[in-house]
Amino acid sequence: MRQDRIGFLFLTPALIAVVIFYLLPVVMTAVFAFTNMSTATGIRGGGYLVTEQTLRDLSGHGLTGATLSQLADAGYEVDTEGLAALAATFGDRLAGHIEAELGGESFATSRELERALRDLRAPELRITRDRKQAASLFQRSVLNIRHDTADALRDELTGAGIPGGDHDMIIEAAYTGWSWTMRNFELLLSLPSTARYALNTLIYVALTLVLFNVGLGLLLAIATFYLPKPSAAVFRAIWFMPRILPPVLYVLMWKWLMWDNGFLASALAPFGVERINWMLHSEYHAWVAIILINGVVGASFGMIIFASAIKAIPQTLLMAAEVDGATRWQQVRYVILPQMRWPILFVTAYQTLSLLASFEYILLSTGGGPGSATEVWAMAAFRTALNNYGGNLQYGMGATFALVLVIIGTVLSLLYLRFFNFQALLAKPRIER
Amino acid sequence: MQKYRGHHVRHWPLIAVLVALSAPLVVMYVYQIIDTVTTTPAGSIIPDGLTLHHWRFLTGPLSDGGPTIWSLAGNTLVFASCTALVVTSVSLTAAYALSRLNMPGRGFFLGGLIVLHAFPTVTLIVAVFLILQYMGLYDTLTGVILVKVAFELPFGIWIMKGFYDSVPWEIEMAGVTDGADRFTVWRLLVLPQVQPGLAALLIFSFLSGWSEFILPLVLAPANAPQVLATYLAGIIADDRFADFSLFKAVSIFYALPVLVIYLIFQKKLMNIYGGGTKG
Amino acid sequence: MTKTLLAATALCSVLAGAATAQTYDIRVWSGGSSAADSYRWEAIEMAADILEREAAIRGEEISINVEYMWEFGGWAEFKQAVTLAAEAGDAPEIVVTSHLDIAPWSQAGYIVPVEDYLDLDAWPLSDVYPNLMDIAAYGGVQWGVPQDAESRPFFFWREHMRAIGYTDEEIDALPEAVLNGEYTLQNVLEDATRAVEMGLVEEGMGFSPRVSNGPDFAQFYQSFGGEFYDAETGKLVLDRAAMTEFYQFFVDAVEAGVTSRTHIGTDWNEWYADVANGNAAMWHGGTWHYGRYIREGNEDFFGTIAFTLIPSGGGETGRANTITHPLVYLVTDQGDDELQGIAAQLVEIATEPRINTLHAIKSAHLAVAESQSIVPLYAQDPWADAATSVLLPHANSQPNHPDYGVYSEAMWSGLESAWTGVQTAEQAVAELEAELVTVLGDQLIVR
Numbered sequence: 555m556r557q558d559r560i561g562f563l564f565l566t567p568a569l570i571a572v573v574i575f576y577l578l579p580v581v582m583t584a585v586f587a588f589t590n591m592s593t594a595t596g597i598r599g600g601g602y603l604v605t606e607q608t609l610r611d612l613s614g615h616g617l618t619g620a621t622l623s624q625l626a627d628a629g630y631e632v633d634t635e636g637l638a639a640l641a642a643t644f645g646d647r648l649a650g651h652i653e654a655e656l657g658g659e660s661f662a663t664s665r666e667l668e669r670a671l672r673d674l675r676a677p678e679l680r681i682t683r684d685r686k687q688a689a690s691l692f693q694r695s696v697l698n699i700r701h702d703t704a705d706a707l708r709d710e711l712t713g714a715g716i717p718g719g720d721h722d723m724i725i726e727a728a729y730t731g732w733s734w735t736m737r738n739f740e741l742l743l744s745l746p747s748t749a750r751y752a753l754n755t756l757i758y759v760a761l762t763l764v765l766f767n768v769g770l771g772l773l774l775a776i777a778t779f780y781l782p783k784p785s786a787a788v789f790r791a792i793w794f795m796p797r798i799l800p801p802v803l804y805v806l807m808w809k810w811l812m813w814d815n816g817f818l819a820s821a822l823a824p825f826g827v828e829r830i831n832w833m834l835h836s837e838y839h840a841w842v843a844i845i846l847i848n849g850v851v852g853a854s855f856g857m858i859i860f861a862s863a864i865k866a867i868p869q870t871l872l873m874a875a876e877v878d879g880a881t882r883w884q885q886v887r888y889v890i891l892p893q894m895r896w897p898i899l900f901v902t903a904y905q906t907l908s909l910l911a912s913f914e915y916i917l918l919s920t921g922g923g924p925g926s927a928t929e930v931w932a933m934a935a936f937r938t939a940l941n942n943y944g945g946n947l948q949y950g951m952g953a954t955f956a957l958v959l960v961i962i963g964t965v966l967s968l969l970y971l972r973f974f975n976f977q978a979l980l981a982k983p984r985i986e987r
Numbered sequence: 031m032q033k034y035r036g037h038h039v040r041h042w043p044l045i046a047v048l049v050a051l052s053a054p055l056v057v058m059y060v061y062q063i064i065d066t067v068t069t070t071p072a073g074s075i076i077p078d079g080l081t082l083h084h085w086r087f088l089t090g091p092l093s094d095g096g097p098t099i100w101s102l103a104g105n106t107l108v109f110a111s112c113t114a115l116v117v118t119s120v121s122l123t124a125a126y127a128l129s130r131l132n133m134p135g136r137g138f139f140l141g142g143l144i145v146l147h148a149f150p151t152v153t154l155i156v157a158v159f160l161i162l163q164y165m166g167l168y169d170t171l172t173g174v175i176l177v178k179v180a181f182e183l184p185f186g187i188w189i190m191k192g193f194y195d196s197v198p199w200e201i202e203m204a205g206v207t208d209g210a211d212r213f214t215v216w217r218l219l220v221l222p223q224v225q226p227g228l229a230a231l232l233i234f235s236f237l238s239g240w241s242e243f244i245l246p247l248v249l250a251p252a253n254a255p256q257v258l259a260t261y262l263a264g265i266i267a268d269d270r271f272a273d274f275s276l277f278k279a280v281s282i283f284y285a286l287p288v289l290v291i292y293l294i295f296q297k298k299l300m301n302i303y304g305g306g307t308k309g
Numbered sequence: 009m010t011k012t013l014l015a016a017t018a019l020c021s022v023l024a025g026a027a028t029a030q031t032y033d034i035r036v037w038s039g040g041s042s043a044a045d046s047y048r049w050e051a052i053e054m055a056a057d058i059l060e061r062e063a064a065i066r067g068e069e070i071s072i073n074v075e076y077m078w079e080f081g082g083w084a085e086f087k088q089a090v091t092l093a094a095e096a097g098d099a100p101e102i103v104v105t106s107h108l109d110i111a112p113w114s115q116a117g118y119i120v121p122v123e124d125y126l127d128l129d130a131w132p133l134s135d136v137y138p139n140l141m142d143i144a145a146y147g148g149v150q151w152g153v154p155q156d157a158e159s160r161p162f163f164f165w166r167e168h169m170r171a172i173g174y175t176d177e178e179i180d181a182l183p184e185a186v187l188n189g190e191y192t193l194q195n196v197l198e199d200a201t202r203a204v205e206m207g208l209v210e211e212g213m214g215f216s217p218r219v220s221n222g223p224d225f226a227q228f229y230q231s232f233g234g235e236f237y238d239a240e241t242g243k244l245v246l247d248r249a250a251m252t253e254f255y256q257f258f259v260d261a262v263e264a265g266v267t268s269r270t271h272i273g274t275d276w277n278e279w280y281a282d283v284a285n286g287n288a289a290m291w292h293g294g295t296w297h298y299g300r301y302i303r304e305g306n307e308d309f310f311g312t313i314a315f316t317l318i319p320s321g322g323g324e325t326g327r328a329n330t331i332t333h334p335l336v337y338l339v340t341d342q343g344d345d346e347l348q349g350i351a352a353q354l355v356e357i358a359t360e361p362r363i364n365t366l367h368a369i370k371s372a373h374l375a376v377a378e379s380q381s382i383v384p385l386y387a388q389d390p391w392a393d394a395a396t397s398v399l400l401p402h403a404n405s406q407p408n409h410p411d412y413g414v415y416s417e418a419m420w421s422g423l424e425s426a427w428t429g430v431q432t433a434e435q436a437v438a439e440l441e442a443e444l445v446t447v448l449g450d451q452l453i454v455r
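Chains as they are written, first to last, in our numbering: chain A, 555 to 987; chain B, 31 to 309; chain C, 9 to 455.
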């Protein structure tokens, strides 16, 4: 088989997955970002529904009073047309009975007409269902009837005698689905909360990265390098565990440590320290908590990368330093650290992107609190679009948040690719066939 | 290198620093275990009695009409194993193509892979939901597995590519010179060389699947496909369950496979980034 | 909307004539529920049994399978699950949820009006309190049926009040004093401060509010004269002054040391244990917490705790109030008209006084219908009786408006910012206003 054919064959499964679950969602998200999609509008488009609220909105937008009252007051009419339909379904006896008792009357709501029908005590209308069906035959109002298409509503309006000139305005106001808009981007620029999310994200990424993923990771890697093997293994195990423990569980451990009645509060109480919720006592506590929680997980990544990089340092270098009488600190400073330049850059680049998109640990620990003090951009996207107390899911706005992250991530990774000399990654295959 | 360690230097300052840094974690681990078999008076840190009460969930459902821990564990196991198998096999072939095969667009794909890593996958989940729904896979375990696999792929391929990169060309050259085609060479000669990477990726993606929380939460909310992570998060958020000790016992049950895997495979796990750091 | 019934009725009569066993699968998803709320779905199971028996007597054979689910983690997860399932065309047939979901879900077409299937003038629906029925209606359409009622009163620990200097008579007269605006939130602050200063309760425990977002906080906005909805225009209202005073009240409570700055996010279990046992001087909570107090070891609720409406904030506009936030049964636009009809009938039967009372008493909620007060189980329950007469007549609800979710979410995060000291009350209200004006546009009236 030819090499490039095997190549594509080998790549195909991955490509399909990437197209379906990355590229397509990104394109769709980009589309959503230009809509006002929400719970109320639904995702897949809406129907046409004239409600009391539609009428109120229309009255503010120049629909004539005559048409408005025509729409609002149509209600139910016991007219010949309705009676004919009734006769066809329920028979002439009932139609005659109703005509005699209620002929020519009108009712504002179905409920009132149903009451009147009930009072007739007609044997044909004993069952609720039949009464409702009979009442529906006299309906002349277009209110609160959901139509799937604009044309269906237009027919209905025509039938109700609404002037054709008003149709478009009514239909537009009656549409329940989403529409195209640039508002999400305007909101993004003008809302005070978005600036805070951006700042929070910056603080979160920078501090976690510098202090833990790189700083602590380096410290752990170097320290375990100098320790005898068994103790090094113990410390590596301790620090590696958070990375593989399920987040739900890992955060539970932190909560147990930091909550009002948790370990920290209980252990410090005998020393006269006030019992507080160490995770949420103030925004500073919350910040320390989320950076610790994320940082400890991140440190193991740095630790592993740096440890293997230190292992790769030629022994002769270290030996030479030792012979020259260098202290351990000097060895670290002048031999090990200079060799760590690329690994540090790699960890920085890789983890910036991971952190930018991550929020799981924050969601499970502080939940973005207190008062959105620790709410980061990715989490705002998730909560806006999918997860909030009121169940008010704003897909359009959430997509706008997500889109911004996609753009930042893509630009950053392209920059990194340039910076890390991408061609070096692409060692040319040495077999041509 | 071993001989430098311990020369002219005392370990205790270093160990002291590490112990101080690790203390909070160790305290959490230790109490995580102790609390599940003891009772502790409120506001204290010292246990005052032994009990197996916190482990009651092993014999019956946690809540009336709720699922048993075993069915949840079963779901989670299926989810994690399928994720691991598919991620590993897809990465295995794709990474080889990117690492070793001469094909048009190789640089583009490789660059794309790195860009994919930067995608905030979870924030795209509304779109993913729609796609699953059109495929008829919303609210099914299969659907969540597919999405999870896709989200793990950039990482998997990247790791595997690193391992392929470090396989000496001579091995393949020899195979090709003997007249075998590239597929055979890959299968018989190269694959054995990347065994460590394969094992590490398998374990890592299993662990990742075992831990996954948000995807099943959003994409499979109904009873049947529930996994341990979503169920645990649910009962922790629920104010009916009073005790941390119960959560901890459930957590230990949940973490047990992770611990066992770590103990058995720790060398391989530590090697996970072994191939991926060059450049 | 009633016109679709034509086809269904024809279908139904054909089916009835055929007299073959017809199977209906009904799923019930219940939000914000715990095991104590089991009658939210068990009532539907009972209703299914009754409906099957009634059909059998008529000579029809129907079989109704009820499946239920209630463990969703929280409201956020529940609503997300229902919404996405409805988008996927796979929603449960019956949903038990907040009445606030009616506006958005009816616009989205996820639910169908129960009035298309049920006779609202016939028993048992005719017996449901009209104001509760109104809460389950939107835009003049009866979309749902109230499942339970509750309210969110203010509580006092009697012993601490006595220690502060109130006589038993004065404590018993508190509901009256609160109602008349004689005992206000300013008195709350003063008394709570005294309770802390006298060492009756720990610092931060003078006044212990709900620990997470909820309709309870909307009450304090109303205490200062705030209104959420303008009935004339159908628009939401932001009363700047009331909102600022409402935020400021919590800021003052923190500054006086009677409420903890970090109270939000406290573990619910801790909170229950505290308020049930006199670790807090005053607090506010739900009527359904009553059952929990007993489980926390407080055997003598009436002897230890006094309850009132949420006191007025004082001033001319202030008013004592309480919000009822009934859950409602909604029927989703799932399956055909016939299935929806069955679902609606199940909801109707579940609303019958005896069945609903099982829920009311088991979960310490309040009745939805008049005649529940003569159901022995209800009449014998001292709490249900007291809470119904003192609180429900004065209860109002939050508005059914598609954008109220945005409003309430933003109001909460503003309160959180002010409470935790991230912003001053004025700053928080300014940000809230900016946010709401931008997001809601002409759907909002700022006063």
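Even glycine gets a Cβ: it sits at the ideal position worked out from N, Cα and C.
Reference residue i; option with closest CA among the options
i        : options                                   : result
B/Tyr59  : A/Leu909, A/Phe817 and A/Ile962           : A/Phe817
A/Leu691 : A/Ala649, A/Trp734, A/Leu674 and A/Leu773 : A/Ala649
A/Ala752 : A/Ser926, A/Gly944 and A/Ala568           : A/Ser926
B/Val179 : B/Val120, B/Phe193 and B/Gly205           : B/Val120
B/Thr106 : B/Thr260, B/Ile76, B/Leu293 and B/Ser196  : B/Thr260
Per-residue DSSP class, three states only, for residue i
i        : result
A/Gln693 : strand
C/Ser416 : helix
C/Val259 : helix
B/Thr307 : Confidence at B/Thr307 is low in this model, with a pLDDT of 40, below 50, so its placement is unreliable and the value that follows should be read with caution. Note: B/Thr307 maps to coil in three-state DSSP.
C/Met251 : helix
C/Tyr280 : helix
C/Val22  : Reliability of the predicted coordinates at C/Val22 is poor, the pLDDT of 48 falling under 50, and no value is obtained from them.
A/Pro782 : coil
Inter-residue CB distance, residue i and residue j (contact presumed, cutoff 8 angstroms)
i        : j        : result
C/Thr365 : C/Gln380 : 5 angstroms
B/Leu146 : B/Gly186 : The pair is not a contact, with the Cβ atoms about 11 angstroms apart (cut-off 8 angstroms).
A/Ala728 : A/Val604 : 5 angstroms
A/Leu963 : A/Leu918 : A small fix is needed here, since residue 963 of chain A is Gly in this sequence, not Leu. Rounded, the Cβ-Cβ distance is 23 angstroms, inconsistent with contact.
Any non-hydrogen atom of the ligand FMN within 8 angstroms of residue i CB
i        : result
A/Leu761 : Among the components modelled here there is no ligand, and therefore nothing to report on the ligand FMN.
Positions along the region 214-232 of chain C whose CB lies within less than 9 angstroms of some CB in chain A: Ser220, Asn221 and Gly222
Specify whether the region 876-883 of chain A and the region 784-803 of chain A touch according to this definition: at least 3 beta carbon pairs, one from each stretch, less than 8 angstroms apart. no
Please confirm if the region 766-778 of chain A is in contact with the region 826-838 of chain A, defined as three or more CB-CB distances below 8 angstroms between the two stretches. no
Under 8 angstroms: do the region 599-619 of chain A and the region 206-221 of chain B share three or more Cβ pairs, one atom per stretch? no
Can you confirm whether the region 134-144 of chain C touches the region 167-176 of chain C when touching is taken to mean that 3 or more C-beta pairs between the two stretches lie within less than 8 angstroms? no
So, do the region 78-90 of chain C and the region 306-325 of chain C have three or more beta carbon pairs nearer to each other than 8 angstroms? no
Does the structure place the region 800-811 of chain A close enough to the region 261-268 of chain C that three or more beta carbon pairs sit under 8 angstroms? no
Count the C-beta pairs between the region 417-437 of chain C and the region 119-130 of chain C that are closer than 8 angstroms, then say yes if the count reaches three, no if not. no
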